[in-house]
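Novice:
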Amino acid sequence: MSNVDELELDKFSQIAHKWWDMDSEFKPLHEINPLRLGFIDDHAAIAGKRVLDVGCGGGILAESMARAGADVTGIDLAKKSLQVAQLHGLDSGVTVNYRCVAVEELAEEAPGSFDVVTCMEMLEHVPDPQSVVRACARLVKPGGWVFFSTLNRNAKAYLLAVLGAEYVLNMLPRGTHDYARFLKPSELSRMARNSGLGLSTLAGMGYNPLSHVYSLNDDTSVNYLMATRRLD
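Set out below in structure tokens:
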């Protein structure tokens with residue numbers, strides 16, 4: 019597929035073995051995962067539902083949704099990350115169907131096949147986020163839920179998510195994010211509407227560097243979550 023940044027794939031492949039190391043570069047994802055899972059489950063009640071996790075990486079969110087009772091498929095184009103996810107699933111005993119396939123390709127193969135689609139911390143790593151949003155909308159059933167999370171594009175987000183997280187606090191490797199690819203909520207909302215998705219909820223995700231605690235709030239100026247629903 020053309021909607022791939024090989025440098026991004028290579029970047030994540032080089033650190034794929036650290037996906038489940040709670041003290042590695044992926045520590046923030048482990049810490050925010052309960053918030054992501056709660057946000058998704060509060061809206062979609064995922065137990066017993068067929069869920070697709072787009073850009074699943076090493077399977078952190080995918081496994082947690084499977085533990086919550088969902089029938090989960092995780093897709094990614096980083097083969098090493100998928101191998102780590104598969105191995106961890108064998109160790110944890112949590113069943114997730116992992117596939118190395120582009121979301122656009124899967125949308126052609128199996129449109130309208132999922133009750134819920136999640137795409138978390140992925141849009142800021144692809145050349146054409148609208149293509150991903152459109153494919154997610156095609157993959158979900160009418161009335162089904164599609165969830166996104168990404169980074170806002172403004173001075174505060176650059177200061178905290180790039181300079182702060184990557185250069186000051188060393189929470190993430192330098193070069194993890196490309197500020198130019200951050201998306202304003204208004205931009206992502208427009209992409210969703212253009213793809214046949216109706217906006218339901220927008221929530222911010224904050225981090226307290228003193229208490230090291232993440233929480234959901236109304237401040238979407240840096241990290242934010244978006245719940246949308248496919249219109250019939």
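The opening residue of the sequence shown carries number 19 in the working numbering; numbering runs sequentially from there.
Don't be surprised by glycine CBs; every beta carbon is placed ideally from N, CA and C.
Quick caveat, the model's predicted, so the values are computed rather than measured.
1. Figure out for me which residue from Met223, Leu105 and Thr246 has the closest Cα to the Cα of Asp236.
2. Please report the straight-line C-alpha distance between Gly76 and His35, rounded to a whole angstrom.
3. With a threshold of 8 Å, are at least 3 pairs of Cβ atoms found where one atom belongs to the region 109-117 and the other to the region 47-61?
4. Kindly indicate which three-state DSSP category Asn51 falls into: helix, strand or coil?
5. According to DSSP, is Ser218 part of a helix, a strand, or is it coil?
6. Identify every residue that forms a DSSP beta bridge with Met223.
7. In chain order, what residues of the same chain lie with their CB nearer than 6 Å to the CB of Ser42, ignoring the 5 residues before and after it?
8. According to DSSP, Thr246 sits in a beta bridge with which residue or residues?
9. Take every Cβ of the region 84-93, pair it with every Cβ of the region 153-161, and state whether three or more of those distances are shorter than 8 Å.
10. If you follow the beta strand (DSSP E) that Asn115 is part of, which residue opens it and which one closes it?
11. If you check the beta carbons only, do Leu100 and Cys118 fall under 7 Å apart?
12. Just list the residues that DSSP pairs Phe132 with in beta bridges.
13. Return the Cβ separation of Met209 and Pro147 in integer angstroms, given the expectation that the two are a contact with Cβ distance under 8 Å.
14. What span of residues does the beta strand (DSSP E) with Gly92 cover, start to end?
15. Only counting the same chain, and skipping five residues up and downstream in sequence, which positions put a Cβ closer than 6 Å to that of Tyr225?
16. May I have the straight-line CA-CA distance separating Pro157 from Gly66, to the nearest angstrom?
17. What are the complete beta strand (DSSP E) segments, minimum 3 residues, inside the region 58-84?
18. Give me the Cα-Cα distance between Phe136 and Glu127, rounded to the nearest whole angstrom.
Specialist: Let me lay it out:
1. The shortest Cα separation from Asp236 among Met223, Leu105 and Thr246 belongs to Met223.
2. Between Gly76 and His35, the alpha-carbon positions lie close to 9 Å from each other.
3. A contact is defined here as three or more CB-CB pairs under 8 Å, and the region 109-117 fails this definition with respect to the region 47-61.
4. In the displayed model, Asn51 falls within a helix according to three-state DSSP.
5. In the structure shown, the three-state DSSP call for Ser218 is strand.
6. Under DSSP, Met223 forms a beta bridge with Leu234 and Asn241.
7. If we look at Ser42 and ignore the five residues flanking it on each side, its Cβ neighbours are Lys36.
8. DSSP lists Val164 and Leu217 as partners of Thr246.
9. Taking one beta carbon from each stretch, the region 84-93 and the region 153-161 have fewer than 3 pairs nearer than 8 Å; the two do not touch.
10. Residues Asn115 to Arg117.
11. Taking 7 Å as the Cβ cut-off, Leu100 and Cys118 qualify as a contacting pair.
12. Paired residues: Val158.
13. The distance from the Cβ of Met209 to that of Pro147 is about 7 Å, consistent with a contact at the 8 Å cut-off.
14. Segment Asp89 to Ile93, the beta strand (DSSP E) holding Gly92.
15. Contacts found: Tyr232.
16. Note that residue 157 corresponds to Leu in the displayed sequence, not to Pro. Roughly 18 Å separates the two Cα atoms.
17. If we require 3 residues or more, the beta strand (DSSP E) runs fully inside the region 58-84 come out as 68-72.
18. Before going further, note that residue 136 is Thr rather than Phe in the sequence given. Going from the Cα of Thr136 to the Cα of Glu127 covers about 18 Å.
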